[in-house]
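Chemist: Here the protein sequences come in this chain order: F and H. Heads up: the first sequence begins at -10 in the working numbering, then just goes up one per residue. Heads up: the second sequence begins at 4 in the working numbering, then just goes up one per residue. Structure in structure tokens, see below.
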Amino acid sequence: MNWGDIIRRSGRAIRQAKIRTLLTAAALAVGGFTLTATLAAANGARAYGNKLIDTNFDPSSLIVAKNKNVFGGGGTTNKPQPYSSSFTNVGGKTINMLDQQDLNKLASFPGVQSVFEPYTTSVQYITGPNGSKYTGSVEAFNPNISHQYAAGGVTGNIPEGKVVVPADYLSLLGYKNAQSAIGQNINIQVRQILGGQADKSYTIMAILTPPSTLIGGNVNSTLFLNANDARSIYDYVNKGTINYNRFLTAIVRVKDGTNQAKLNAVQNEIKNAGYGAESAKNAQAVINQIVNVLQIIIVVFGLITLVASFFGIVNTQYISVLERTREIGLMKALGMSSKNVSKLFIVEAAWIGGIGAVLGSIVAIIIGVLINPWISNKINFSNSRLLLFRPSQVIGLIIFLIIIAVIAGLLPARKAAKLDPIEALRTE
Amino acid sequence: MIELDNVNKIYGKKDTAFTALADINLKLPADKSIAVIGKSGSGKSTLLHLIGGLDRPTSGSIVINGQDLSKLSKKEMDRYRSHDLGFVFQSFFVEANQSCYQNVALPLEINRLPVLKRKQLIEDALVQVELADKIKNKAGTLSGGQKQRLAIARAIVTKPKVILADEPTGNLDSATGEKVISLLFDLHYKQAATLVIVTHDSDIAKACDVQVYIKDGKIEKVTTKGTNK
Ligand SMILES: Nc1ncnc2c1ncn2[C@@H]1O[C@H](COP(=O)(O)OP(=O)(O)OP(=O)(O)O)[C@@H](O)[C@H]1O
Ligand SMILES: [Mg+2]
């Protein structure tokens, strides 16, 4: 028998047992659905993570701290530490800080293009036209990070006296909308830790759209200033304290840092000098690791349902063989080889697998298309999609499920192939 | 020519051993019609299965048109059945939920005949059994006689050299049975095929060129049309 005839005959057998086929396929479809949706969700999460990193980190930069423990958490010890001028104690925890010498040293490393200090400072409050007071912090604008703007924009660096404001502040502080806020003033009240108070005013240059959130935690309430403005606030606030001229982290931009090898080389160099250094890639790896773990958990559940449907297919195919004992006997009596009889039932199983897999992925894709906008809206994904279907993955999964079904069909097919035609024809 | 030389068929082993056929020696002429007659359980079907290559004898040799079946591999035996033989069974064994066309197509598919060459052969076979108008009907919708005619069409579509029919009228009333038998005789003449019919019916037996009488697994007597008359 030709493959064409085998496929047609087994397809006909499938059609004759519609309900049974559909039910068996449905079990497989559940697994297919879970796996398709999981892969799509993981794709979406990774894509979102990448976007998040891109809008918050410069990919060719490293975040550097006094030592690696600042990132790991291990160094922020709450035990008493021997005094050193580079220690500070924040909320009962001792943290190593960078000072100006460190920044200069970092800048002198070969391969380093520039060192950027964000001067992140919590301010007392921020006010606008309606006089309401809101908390927030300020930070130096990093020209190497791409932002999305709801209105206005910054090309290159932000000039002194100007500010970039997150959209969340607009209505709170009494601005009509993003467009009309451009060019207006915003006031920042800063308070010196050792007493003094100052009111600073800046002109709004651009409004940030909400998406660049989640990472960095406070980006939603961070106003971006020119580095000199940020520095002067930082110095003003910390003047006279142990933190004066000390910095938690610095952003080190690497020459040709998009070249992973060069980035890694500089990262190692800095690490070897005793500093802690993380790249956007590292942060990305952390995000991806979380996504991967979640993905594995769901995939395992998907695979468990596949095991169940595997036995479903074995069962269905055994019934099919039993039901068609006479037909098998006839085919063998007419000279059909055992190999072809076996193929007939394996292809039948493949049909079930294919139907189930296609069913599952279609349902997953339909649900994805329907709920994507809703989810994006709910969790502030803006124009990202949570469920990201890759055709190659969907097709690969369908092929995988067909292979599973074929394996499930092997045993029943063997039984069919081994039937003695005389015995088979005797069954009434 | 169908030659059986010292053929024995023993089912089971030791305690349960049962000799279904003992010392069968037969030389049956090619292109003739042969009736195998005997009581129930006498071994008629067993004999037919051996000739048809569905089973192998415990000892002895079977040579069909010069082909020694004991020397055939499994694959060659499959080929022998699909190319040289046509089977007709007592209970038809047509696939009820497939069309007449699909039923008759089965042996051609097994023979790997190209799709384009099939249609003509199938139509011809159905015309010969007078089922041309039912070509698209499901076999399940046919009457008993029609089903057996469909089975005959399936048996002859490959133009076999030997047609084996095991009580082809056993499930039919006498009038329908007669029609089926005359059809079988017709086709065996037209296609110059050896026809072996297992039957209880003495009228059918008499119509054949050779009669082989079997009793308790042994040949009782062999007669030919001439001597019988
Ligand atoms: N697989 C088997 N195992 C054991 N005994 C068998 C087997 N097949 C057939 N027999 C026995 O061999 C004997 C001959 O059987 P066979 O089917 O050839 O009879 P038959 O002449 O065709 O009878 P009927 O006219 O009822 O069809 C019977 O006694 C039967 O019980
Ligand atoms: Mg019999």
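For glycine and all other residues, C-beta sits at the position ideal for the given N, C-alpha and C. Being a predicted model, the structure only gives us computed values, none of them experimental.
Leaving aside the five residues before and after Ile276 (chain F) along the sequence, list all residues of the same chain whose C-beta is less than 7 Å from its C-beta, in chain order.
Modeler: Around Ile276 (chain F): Gly38.
Chemist: I need the DSSP call for Asn133 (chain F), collapsed to helix, strand or coil.
Modeler: Coil, per DSSP.
Chemist: Take every Cβ of the segment 156 to 163 of chain F, pair it with every Cβ of the segment 117 to 134 of chain F, and state whether three or more of those distances are shorter than 8 Å.
Modeler: Flag = yes, the segment 156 to 163 of chain F and the segment 117 to 134 of chain F touch.
Chemist: Measure the CB-CB distance between Val243 (chain F) and Leu51 (chain F) and report whether it falls below 8 Å.
Modeler: Their beta carbons are under 8 Å apart, which means Val243 (chain F) touches Leu51 (chain F) by this criterion.
Chemist: Let me see if you follow: with CB-CB separation under 8 Å, is Glu98 (chain H) close to chain F or not?
Modeler: Closer than 8 Å: yes.
Chemist: Only counting runs of 4 or more residues, tell me where the alpha helix (DSSP H) segments fall wholly within the segment 1 to 60 of chain F, in order along the chain.
Modeler: Within the segment 1 to 60 of chain F, the complete alpha helix (DSSP H) runs of at least 4 residues are 7 to 45.
Chemist: Take Lys47 (chain H) and list the residues in its own chain whose beta-carbon comes closer than 7 Å to its own, dropping the five residues that flank it on each side.
Modeler: Once the five neighbours on either side are set aside, the close Cβ partners of Lys47 (chain H) are Val39, Gly41, Val201 and Ile217.
Chemist: Expressed to the nearest angstrom, what Euclidean distance is found between the alpha-carbon atoms of Arg235 (chain F) and Ala219 (chain F)?
Modeler: Answer to the nearest angstrom: the Cα atoms are 14 Å apart.
Chemist: Which residues does DSSP pair with Leu24 (chain H) in a beta bridge?
Modeler: In DSSP, Leu24 (chain H) forms a bridge with H:Lys12.
Chemist: Mind checking if Ser85 (chain H) is an interface residue toward chain F, Cβ cutoff 8 Å exclusive?
Modeler: Yes, its Cβ sits closer than 8 Å to a Cβ of chain F.
Chemist: Going along chain F in order, which residues have a C-beta closer than 7 Å to the C-beta of Pro110 (chain H)?
Modeler: Ordered by position in chain F, the residues that pass the 7 Å Cβ test against Pro110 (chain H) are Leu323.
Chemist: With a cut-off of 8 Å, does the C-beta of Ile222 (chain H) fall near any C-beta of chain F?
Modeler: It does not; no Cβ of chain F falls within 8 Å.
Chemist: Could you tell me which whole alpha helix (DSSP H) segments of length 4 or greater appear in the segment 294 to 366 of chain F?
Modeler: Qualifying alpha helix (DSSP H) stretches, in chain order: 314 to 322.
Chemist: Using the DSSP secondary-structure output, state which residues sit across from Pro155 (chain F) in a beta bridge.
Modeler: The partner list for Pro155 (chain F) (beta bridge, DSSP) reads F:Leu197.
Chemist: What residue does the beta strand (DSSP E) around Ser146 (chain H) start on, and which one ends it?
Modeler: Premise fails: Ser146 (chain H) is in no beta strand (DSSP E) and is neither H nor E.
Chemist: So, are the CB atoms of Ala135 (chain H) and Asn106 (chain H) less than 8 Å apart?
Modeler: Contact: no.
Chemist: Should Phe334 (chain F) be flagged as near chain H, meaning a C-beta pair shorter than 8 Å?
Modeler: Chain H contact via Cβ: absent.
Chemist: Under DSSP, the beta strand (DSSP E) around Arg242 (chain F) begins and ends at which residues?
Modeler: Taken as a continuous stretch (DSSP letters only), the beta strand (DSSP E) holding Arg242 (chain F) covers Thr238 to Val243.
Chemist: Under 8 Å between the Cβ atoms of Ser36 (chain H) and Asp212 (chain H)?
Modeler: Yes, the pair counts as a contact, with Cβ atoms nearer than the cut-off.
Chemist: Ordered along the chain, which non-local residues of its own chain (more than five positions away) have a Cβ less than 8 Å from that of Ile387 (chain F)?
Modeler: Gly21, Gly343, Ala346, Val347 and Ser350.
Chemist: List the endpoints of the continuous beta strand (DSSP E) containing Glu223 (chain H).
Modeler: Segment Lys221 to Thr227, the beta strand (DSSP E) holding Glu223 (chain H).
Chemist: Are three or more beta carbon pairs between the segment 312 to 325 of chain F and the segment 351 to 361 of chain F nearer than 8 Å?
Modeler: Output reads no: the segment 351 to 361 of chain F does not touch the segment 312 to 325 of chain F.
Chemist: By the criterion of Cβ-Cβ separation under 9 Å, what are the contact partners of Glu316 (chain F) in chain H?
Modeler: Here the neighbours are Phe96 and Glu98.
Chemist: Closer than 7 Å to a non-hydrogen atom of ligand 3 - does that hold for the CB of Lys47 (chain H)?
Modeler: This structure does not include ligand 3; its bound ligands are ligand 1 and ligand 2.
Chemist: Is the Cβ of Pro48 (chain F) closer than 8 Å to any Cβ of chain H?
Modeler: Output row for Pro48 (chain F): interface = no.
Chemist: Report, in whole angstroms, the separation of the C-beta atoms of Leu399 (chain F) and Ile341 (chain F), which I expect to be a contact under 8 Å.
Modeler: Actually they are not in contact, since the Cβ atoms of Leu399 (chain F) and Ile341 (chain F) sit about 13 Å apart, beyond 8 Å.
Chemist: With the cut-off set at 8 Å, would you say Leu7 (chain H) and Gly63 (chain H) are in Cβ contact?
Modeler: Yes, they are a contact pair.
Chemist: Check whether the Cβ of Phe95 (chain H) lies closer than 7 Å to any heavy atom of ligand 1, and answer yes or no.
Modeler: Checking the Cβ of Phe95 (chain H) against ligand 1 gives no.
Chemist: For the candidate residues F:Asp91, F:Glu316 and F:Gln102, whose alpha-carbon lies nearest to that of Thr247 (chain F)?
Modeler: Comparing Cα-Cα distances from Thr247 (chain F) to each of F:Asp91, F:Glu316 and F:Gln102, the minimum goes to F:Gln102.
Chemist: Between the segment 16 to 25 of chain H and the segment 183 to 202 of chain H, can you find at least three pairs of beta-carbon atoms closer than 8 Å?
Modeler: No: the two stretches stay apart, fewer than three of their Cβ pairs being nearer than 8 Å.
Chemist: Can you list, in chain order, the residues of its chain with a C-beta nearer than 7 Å to that of Ala418 (chain F)? Leave out the 5 residues immediately preceding and following it.
Modeler: In the structure as shown, chain F begins at -10 and stops at 417. Residue 418 (chain F) is therefore absent and cannot be evaluated.
Chemist: Kindly list, in the order they appear in chain F, the residues whose Cβ is closer than 9 Å to that of Arg115 (chain H).
Modeler: Those are Met(-10), Asn(-9) and Asp(-6), listed as they occur along chain F.
Chemist: CB Val225 (chain H) to CB Ile67 (chain H), shorter than 8 Å?
Modeler: Contact: no.
Chemist: Taking all protein chains shown into account, do 16 or more other C-beta atoms lie within 10 angstroms of the C-beta of Gly62 (chain F), making it buried, or fewer, making it exposed?
Modeler: Confidence is the limiting factor: at Gly62 (chain F) the pLDDT is only 49, short of 50, which leaves the residue's position unreliable, though a coordinate-based value still follows. With fewer than 16 Cβ atoms within 10 Å of its Cβ, Gly62 (chain F) is classed as exposed.
Chemist: Let me make sure I understand the geometry here. Which of F:Glu128, F:Thr305, F:Thr416 and F:Ile411 has the alpha-carbon closest to that of Asn215 (chain F)?
Modeler: For the residues F:Glu128, F:Thr305, F:Thr416 and F:Ile411, the minimum Cα distance to Asn215 (chain F) belongs to F:Glu128.
Chemist: Between H:Ala158, H:Gly148 and H:Tyr192, which lies nearest to Leu175 (chain H) when the distance is taken from Cα to Cα?
Modeler: Of the listed residues, the one whose Cα sits closest to Leu175 (chain H) is H:Gly148.
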